Amino acid sequence: MFGRLIIKISSFNRTPLLRCFAEIESTNERQTIFPYNVERFKELVPTENIFIDKSLLIEKLLNSCNRAFLFTRPRRWGKSLNIKMLDTFFRADIDEKVKDHDFNSQSQKKLFNGLQIANSKIYRNPITGGEITSQESDLINFQGQFPVINIKFND
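Under UniProt numbering, the first residue of the sequence shown carries the number 1, and numbering increases by one thereafter.
Given below as structure tokens:
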């Protein structure tokens, strides 16, 4: 198995794609890296690391008529990171003075401004399921508007 992997890696070294990456790396002053073992969405987005923007998952979830969702993927496919992204998007801020939810503050909105979700629309109200007016249809307006309960079964 390792022999095949080494052969694939050595054959990748001769491809134009690797040469393209090498040219990009040599022209940039900062080196862009692939993040490994980053568990928090807040730590991943503001950095210059390479990651796949899966923020349109939020749009699919909110525009869906399902009440429950099941995420089944193999190990190391980003299930936990996607759940953390959903948590970061929906979680309402906590007002430190009152120790209660502050639904007017959207402190995490800056994390989602550069992602694909920033220009997305919503067509159904996530609470009532009814039609939504065009003024409220920007999905980013729903950021930080819900309390979130996160339960882990792995510990």
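The C-beta atom is built at its ideal place from N, Cα and C for all residues, glycine as well.
Bear in mind the structure is a predicted one, so any value in this text is a computation, not a measurement.
How about Lys-42 and Thr-88: are their beta carbons less than 8 Å apart?
Residue mapping note: residue 42 aligns to position 42 of the sequence shown, counting from 1. Residue mapping note: residue 88 aligns to position 88 of the sequence shown, counting from 1. Result yes, Cβ atoms of Lys-42 and Thr-88 sit closer than 8 Å.
Decide if the segment 138-146 is in contact with the segment 111-127; the criterion is three or more beta carbon pairs, one per stretch, under 8 Å apart.
Judged by Cβ distances under 8 Å, the segment 138-146 makes contact with the segment 111-127, as three or more pairs qualify.
Provide the residue span of the beta strand (DSSP E) that contains Asp-87, from first to last.
For this step, residue 87 is matched to residue 87 along the sequence shown. It is not in any beta strand (DSSP E) - Asp-87 instead sits in the alpha helix (DSSP H) that spans 79-90.
Would you tell me roughly how many angstroms separate the C-alpha atoms of Asp-138 and Arg-76, rounded to the nearest one?
Numbered from 1 along the sequence shown, position 138 holds the residue referred to as residue 138. Numbered from 1 along the sequence shown, position 76 holds the residue referred to as residue 76. Approximately 32 Å, taken between the alpha carbons.
Identify whether Glu-59 lies in helix, strand or coil by the three-state DSSP scheme.
Sequence index remark: in the sequence shown, residue 59 carries index 59 (1-based). Here Glu-59 sits in helix by DSSP.
Kindly indicate the opening and closing residues of the beta strand (DSSP E) around Ile-94.
Against the sequence shown, residue 94 aligns to sequence position 94. 93-95 is the span of the beta strand (DSSP E), which, as asked, contains Ile-94.
Cutting at 6 Å between CB atoms, please list the residues of its own chain near Asn-119, excluding the five before and the five after it.
To locate residue 119, count along the sequence shown from 1; it is residue 119. Answer for Asn-119: no residue qualifies.
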